[in-house]
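Taken in order, these protein sequences are the chains called A and B.
Under this note's numbering, think of the first position of the first sequence as 1, with each following residue one higher.
Under this note's numbering, think of the first position of the second sequence as 101, with each following residue one higher.
In this text, a Cβ means the ideal position worked out from N, Cα and C, and glycines have one as well.
Take a look at the structure below.
2 protein chains.
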Amino acid sequence: MAVKITAENLEDIGPVVRFHRKRAGLSRIALADIAGVGKTVVFDIEHGKTSVRLNTLFAVLNALNISVFLDGPIMHQFAETEK
Amino acid sequence: MAVKITAENLEDIGPVVRFHRKRAGLSRIALADIAGVGKTVVFDIEHGKTSVRLNTLFAVLNALNISVFLDGPIMHQFAETEK
DNA sequence: TGCATTTTACCGCTTTAGCGGTATATTTGT
DNA sequence: ACAAATATACCGCTAAAGCGGTAAAATGCA
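In structure tokens form, the structure reads like this:
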């Protein structure tokens, strides 16, 4: 159900952001304002720019209520060490 | 089981990367070489730098076999439009 | 105890992300 | 059809990401 992102399909984040923004009824400028970023980078993200900064992308994903998860074969072992 | 990352705990990626690198028996330089990035940015990521570029981070996560997933209340609707 | 590896922490340098501004399509609603 | 909102696509500027080099501190191993 969740969308998997790898180094090879990084640009697939663009359509996800676009879909969620449309569904939220937001223009690019409106979303940019909510996320606290510039309008240009929203445009760039939706067009698959892969060199966006992490904090910038997460500000946008957060504004759209999109969650991000890290997983892998030994992730549960890491989770235990954190408790 | 998976680790959730938000805009507020972005720096939590650092410990995840560090744990996986150690488990893989890699030095920072070795990981940087495999990922095709500089040693400095591996150091930065592990120390919670949040302004790393997306492609740089994913190159590192990929090298460590860490998967990233996007999810949310209407993500399944997006997934259907893509088929 | 030494010796090698790794880590931490700087430094300059080059490249570029992100910004607002602007101007032209394109879309949308009336 | 017209007008308003939005999207696309540039531009120049400033701040900073990422790089390799270096050196000292910490770690690990024989």
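Residue 4(A) belongs to the set of residues whose beta carbon lies under 8 Å from a beta carbon in chain B. Only those residues of the region 61-76 of chain A whose C-beta falls short of 8 Å from the nearest C-beta of chain B are listed: 61, 62, 64, 65, 66, 67, 68, 69, 70, 71, 72, 73, 74, 75, 76. Listed by position along chain A, the residues whose Cβ is nearer than 9 Å to that of residue 153(B) are 50, 51, 52, 53, 54. For residue 3(A), the enclosing beta strand (DSSP E) stretches over residues 3-5. Listed along chain B are 107, each with a C-beta nearer than 8 Å to that of residue 59(A).
Residue 3(A) sits away from residue 131(B), with the two beta carbons spaced by 8 Å or more.
By the neighbour-count definition (other C-beta atoms within 10 Å, threshold 16), residue 45(A) is a buried residue. For residue 170(B), the enclosing beta strand (DSSP E) covers residues 167-171.
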